[in-house]
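Numbering (the working numbering), first residue to last: 8 to 518. The beta-carbon is built from N, C-alpha and C at its ideal position, and this holds for glycine as well. Quick caveat, the model's predicted, so the values are computed rather than measured. Let me begin by presenting the structure, written as structure tokens, before commenting on it.
See the structure below:
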């Protein structure tokens, strides 16, 4: 571990010196494009940020709500007749859940690389239309194999949205502004849980229309697939790509947004860039960043629990003695509570400029909910069991945006950030989806000891890992504090410092 810590701080004794550092040969072009920092009044600054908030964030929130709804409503479809109609037995349902995450995870990194090459509005629009078409076609599957094929290709199409949208937000907001916006974007996931319960209750009443079961209209998303495709087509005309090309900003306002991000190093000196062109060495640097791989453990605290929990909650509630229809409705308050917790924790994290402690605290709180679910006798005490679903859901959803913002804050330049964020999400979701989809097994109901136990353990592990990484980042920052600006500039050119990104001695990690 000591070697890792040392490698994050360039010391004068082994610094390459001016002109000898190996970096992107085109980086000097970025040095020449440095824009003058524009200072606006607080009123003007707030006006610009409000413009971005109202135009960018709501669109991304709607997109993610539709994406999460389209992938997770299979849990509601299960209790609405899908299992019987498709003759699913044994682990068939769990395999159908798992196969989505295989394709979904492996296509996240390639998707963010493509996002750096072509305009985000075109790429996000394209993948959304494709997954909308897939969802519509899923409404006519007649066999288990057809369900598997549809779930696999849905994962391919949806893979680019979450890493792409969260990366896009980092091009507009500073490090302690972006998390609040990510949180509002992410509430699409918790809102989808509430919305899906309400929609399931309503669309189940469509049973028999056009000769199709209600679960086909709802769970395999004929209606939602059409909606996703239509919204995806519209996004190409409405989603802004960057401050420079945003029609709703004046030239001065765009310069303000770009320039304030260029000096966001955390130390008050040096620069970072969002204008770099992606190169192979950015991908390699992200893959070699051991702290991202540690972050995957934190991500599992959300991914394993969210996918196991989301797909199982309706079934858990029905086993407490409630009807299928009422169980759908009773999921709504749980996800509303998770949404509120997500927003509150994000504001606390940005307000006090802390990431690790809110991550550790959030996962720790959620683990208590799963511990209670583990020991409460089922199906006795239905009120207590239902009540414990609330802290479990809040602890699942709320820490994720502080976690993602933390790594977004600590990765530079933007090409490394794009790959690094996708890497974190990719392997976090791959392990989380595969495990989470297979720990709540029907043969273990109504107790689900394995599911609740795994969720409890991984949330504690995520909490401990966050504290460990904070310690590492703090030690690196302390070492960098020992170098003066004059010493650093004597060792490196501006181009070298820019290309080093988060490895620059000027860069300070968010804690």
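Original post:
Where does residue 527 fall in DSSP's three states?
Top reply: The structure shown does not extend to residue 527, since the chain is modelled only from 8 through 518, so no value can be given for it.
**OP:** Output the distance between the C-alpha atoms of residue 290 and residue 116, rounded to the nearest integer angstrom.
**Re:** Looking up residue 290 in the chain shown gives position 283. Looking up residue 116 in the chain shown gives position 109. Their backbone Cα atoms lie some 9 Å apart in a straight line.
Original post:
Does the separation of the CB atoms of residue 408 and residue 190 fall below 7 Å?
Top reply: Working through the chain shown from its first residue, we reach residue 408 at position 401. Working through the chain shown from its first residue, we reach residue 190 at position 183. With respect to residue 190, residue 408 sits close: the two C-beta atoms are nearer than 7 Å.
Original post:
For residue 467, which residues of its own chain have a beta-carbon under 8 Å away from its beta-carbon, when the five flanking residues on both sides are left out?
Top reply: Translated into the one-based positions of the chain shown, residue 467 becomes position 460. The answer, listed in chain order, is 370, 371, 374.
**OP:** Report the three-state DSSP secondary structure of residue 261 (helix, strand or coil).
**Re:** Here the question's residue 261 lines up with position 254 in the chain shown. Of the three classes helix, strand and coil, the one that applies to residue 261 here is helix, per DSSP.
Subject >> Integer-rounded CB distance, given that residue 251 should sit under 8 Å from residue 265 >> reply: Residue 265 sits at position 258 when you count from the first residue of the chain shown. Residue 251 sits at position 244 when you count from the first residue of the chain shown. Between residue 265 and residue 251, the beta carbon gap of about 7 Å places them in contact (Cβ cut-off 8 Å).
Original post:
Which value, in whole angstroms, describes the spacing of the CA atoms of residue 413 and residue 402?
Top reply: Here residue 413 refers to the residue found at position 406 of the chain shown. Here residue 402 refers to the residue found at position 395 of the chain shown. C-alpha separation (whole angstroms): 17 Å.
**OP:** State yes or no: is the C-beta of residue 164 within less than 7 Å of the C-beta of residue 134?
**Re:** As a position in the chain shown, residue 164 is number 157, starting the count at 1. As a position in the chain shown, residue 134 is number 127, starting the count at 1. Going by C-beta atoms, residue 164 is nearer than 7 Å to residue 134.
Original post:
Going by C-alpha distance, which of 376, 148, 185 is nearest residue 56?
Top reply: As a position in the chain shown, residue 56 is number 49, starting the count at 1. For residue 56, the nearest C-alpha among the options comes from 185.
**OP:** Starting from residue 5, trace the alpha helix (DSSP H) both ways and give me its first and last residue.
**Re:** Nothing about residue 5 can be reported from this structure: the residues present for the chain run from 8 to 518 only.
Original post:
Just how far apart, CA to CA, sit residue 475 and residue 417?
Top reply: Here residue 475 corresponds to residue number 468 of the chain shown, with the count starting at 1. Here residue 417 corresponds to residue number 410 of the chain shown, with the count starting at 1. Going from the Cα of residue 475 to the Cα of residue 417 covers about 15 Å.
**OP:** Determine the direct distance from the alpha carbon of residue 510 to that of residue 387, and round the result to whole angstroms.
**Re:** Sequence index remark: in the chain shown, residue 387 carries index 380 (1-based). Sequence index remark: in the chain shown, residue 510 carries index 503 (1-based). Cα to Cα, residue 387 sits roughly 55 Å from residue 510.
Original post:
Where does residue 491 sit, in a helix, a strand or coil, going by DSSP?
Top reply: Taking the first residue of the chain shown as 1, we reach residue 491 at position 484. Residue 491: coil per DSSP, three-state reduction.
Original post:
Touching or not, the segment 156-170 and the segment 100-120, by the rule of three or more beta carbon pairs under 8 Å?
Top reply: The answer is yes - the segment 100-120 touches the segment 156-170, with three or more Cβ pairs under 8 Å.
Original post:
Run through DSSP, which three-state label would residue 55 get?
Top reply: Taking the first residue of the chain shown as 1, we reach residue 55 at position 48. Shown here, residue 55 sits in a helix according to DSSP, grouped into three states.
**OP:** Buried or exposed for residue 459, please, with buried defined as at least 16 other CB atoms from any protein chain shown within 10 angstroms of its CB.
**Re:** Counting from 1 along the chain shown, the entry for residue 459 is found at position 452. Buried, by the Cβ-count rule.
Original post:
Taking 7 Å as the CB-CB limit, is residue 53 close to chain C?
Top reply: As a matter of chain content, chain C is missing from the structure shown, which is built from one protein chain.
Original post:
For residue 65, which three-state DSSP category applies?
Top reply: Position 58 of the chain shown, counted from the first residue, corresponds to residue 65. Residue state, collapsed to three classes: helix.
**OP:** Compare the Cα-Cα distances from residue 274 to each of 301, 505, 484 and report the closest residue.
**Re:** Counted from its first residue, the chain shown places residue 274 at position 267. Nearest C-alpha to residue 274: 484.
Subject >> Beta-carbon proximity check, residue 92 vs residue 151, cutoff 7 Å >> reply: Along the chain shown, one-based indexing puts residue 92 at 85. Along the chain shown, one-based indexing puts residue 151 at 144. Between residue 92 and residue 151, the CB-CB gap reaches or exceeds 7 Å.
**OP:** Can you give me the start and stop residues for the alpha helix (DSSP H) that residue 272 sits inside?
**Re:** Locating residue 272 in the chain shown gives position 265, where the first residue counts as 1. Per DSSP, residue 272 belongs to no alpha helix (DSSP H) and is neither H nor E.
**OP:** Could you tell me whether the Cβ atoms of residue 430 and residue 304 are closer together than 7 Å?
**Re:** Residue numbering aside, residue 430 sits at position 423 when the chain shown is read from its first letter. Residue numbering aside, residue 304 sits at position 297 when the chain shown is read from its first letter. No. Outside cutoff.
Subject >> Range of the contiguous alpha helix (DSSP H) that encloses residue 372 >> reply: In the chain shown, counting from the first residue as 1, residue 372 sits at position 365. Membership of residue 372 in the alpha helix (DSSP H) is indicated by the continuous run 363-382.
Original post:
Is residue 415 near the ligand HEM, judged by its Cβ being under 6 Å from some heavy atom?
Top reply: The ligand content of the structure shown is nil, which means the ligand HEM is not present either.
**OP:** Rank 247, 161, 279 by C-alpha distance to the C-alpha of residue 512 and give the top, closest one.
**Re:** As a working note, residue 512 is residue 505 in the chain shown. Nearest Cα to residue 512 within the set 247, 161, 279: 279.
Original post:
To which residues of the same chain is residue 227 closer than 6 Å at the C-beta, ignoring the five residues directly before and after it?
Top reply: The count along the chain shown starts at 1 and reaches residue 227 at position 220. For residue 227, the predicted structure reports a pLDDT of 47, less than 50, and the residue's modelled location is therefore unreliable. A value from the coordinates is still provided. Closer than 6 Å at Cβ, skipping near neighbours: 145, 146.
**OP:** Assuming residue 183 contacts residue 357 (C-beta within less than 8 Å), just tell me the rounded distance between them.
**Re:** Numbered from its first residue, the chain shown carries residue 183 at position 176. Numbered from its first residue, the chain shown carries residue 357 at position 350. About 5 Å separates the two Cβ atoms, so the contact holds.
Original post:
Can you list, in chain order, the residues of its chain whose CB lies under 6 Å from that of residue 419, leaving out five sequence neighbours each side?
Top reply: Position 412 of the chain shown, counted from the start, is the residue given in the question as residue 419. Answer for residue 419: 279, 508, 509, listed in chain order.
**OP:** Rounded to whole angstroms, what's the CA-CA distance from residue 242 to residue 148? Just pull it up for me.
**Re:** What you label residue 242 is simply residue 235 of the chain shown in a count that begins at 1. What you label residue 148 is simply residue 141 of the chain shown in a count that begins at 1. Between residue 242 and residue 148, the alpha-carbon positions lie close to 28 Å from each other.
Original post:
Nearest-angstrom Cα distance between residue 423 and residue 269?
Top reply: On the chain shown, residue 423 is found 416 positions in, with the first residue counted as 1. On the chain shown, residue 269 is found 262 positions in, with the first residue counted as 1. Taking C-alpha positions only, residue 423 is separated from residue 269 by approximately 15 Å.
Original post:
Can you tell which of 95, 161, 426, 480 has the C-alpha that lies nearest to the C-alpha of residue 283?
Top reply: Here residue 283 corresponds to residue number 276 of the chain shown, with the count starting at 1. The candidate whose alpha carbon is nearest that of residue 283 is 426.
Subject >> Cβ distance (whole Å) where residue 127 is taken to contact residue 246 below 8 Å >> reply: Reading the chain shown from its first residue, position 120 is the one you call residue 127. Reading the chain shown from its first residue, position 239 is the one you call residue 246. Right, their Cβ atoms sit about 7 Å apart.
Subject >> 3 or more residues per run - each beta strand (DSSP E) lying fully within the segment 402-466 >> reply: Under the rule that a run must span 3 or more residues, no beta strand (DSSP E) segment is found entirely inside the segment 402-466.
Subject >> Under the three-state DSSP convention, the category residue 300 falls into >> reply: As a first step, residue 300 is located in the chain shown; it is residue number 293 there, counting from the start. Assignment of residue 300 by DSSP, reduced to helix, strand and coil, places it in the helix class.
Original post:
Near residue 379, what residues of its chain come up, given a Cβ to Cβ distance below 6 Å and the 5 sequence neighbours on each side ignored?
Top reply: As a first step, residue 379 must be located in the chain shown, where it is residue number 372. Contacts found: 395.
**OP:** Tell me, please, whether the segment 337-348 touches the segment 437-447 by the rule of three or more beta-carbon pairs shorter than 8 Å.
**Re:** Touching, no, given that fewer than three Cβ pairs across the two stretches are closer than 8 Å.
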